[in-house]
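So the mapping is simple: the numbering used here equals the position in the sequence shown, first residue as 1, plus 60.
Ideal placement from N, C-alpha and C gives every residue a C-beta, glycine not left out.
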Amino acid sequence: MDDKQIGEGMARPRSSSTIGKLTVDIKTRVDDDTRDELDRLAGDAGLNLSEFLRELIMVRVYGRDHVVRLHRARLAMVAGIGPEEGE
Numbered sequence: 061m062d063d064k065q066i067g068e069g070m071a072r073p074r075s076s077s078t079i080g081k082l083t084v085d086i087k088t089r090v091d092d093d094t095r096d097e098l099d100r101l102a103g104d105a106g107l108n109l110s111e112f113l114r115e116l117i118m119v120r121v122y123g124r125d126h127v128v129r130l131h132r133a134r135l136a137m138v139a140g141i142g143p144e145e146g147e
């Protein structure tokens, strides 16, 4: 895997989202029990199913540390502070 990070090379790096536009759908089929368990896990995490699956995919593709940095950057934007202050 190359070292490309989410948001790298985007035309508008100062967008309101730290991960860029979410424009691609990924679909798969699972059985009812799997869906129910994913719904439960998502609820336990305080997320809806789409949010939970997106986070799960991002952690697997980009790694936990990178996703943590994205969340910190998003929190810093919401708080109105620079990313270095939000560390």
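In this structure, Ile117 sits away from Ile79, with a CB-CB distance that is not shorter than 9 Å. Burial of Leu130 is indicated by the presence of at least 16 other C-beta atoms within 10 angstroms of its C-beta. DSSP places Leu98 inside the alpha helix (DSSP H), whose first and last residues are 92-104. Each residue's CA atom was taken as its position, placing Phe112 and Asp104 some 10 Å apart.
If you look at Asp125, you'll find it in the alpha helix (DSSP H) that goes 124-139.
Under the three-state reduction of DSSP output, Val84 falls in the coil class, being neither helix nor strand. Leu107 carries a coil assignment under DSSP once its states are collapsed to helix, strand and coil.
Sequence-distant partners of Asn108 (beyond 5 residues in either direction) whose C-beta falls short of 8 Å from its own C-beta, in its chain, are Ala102.
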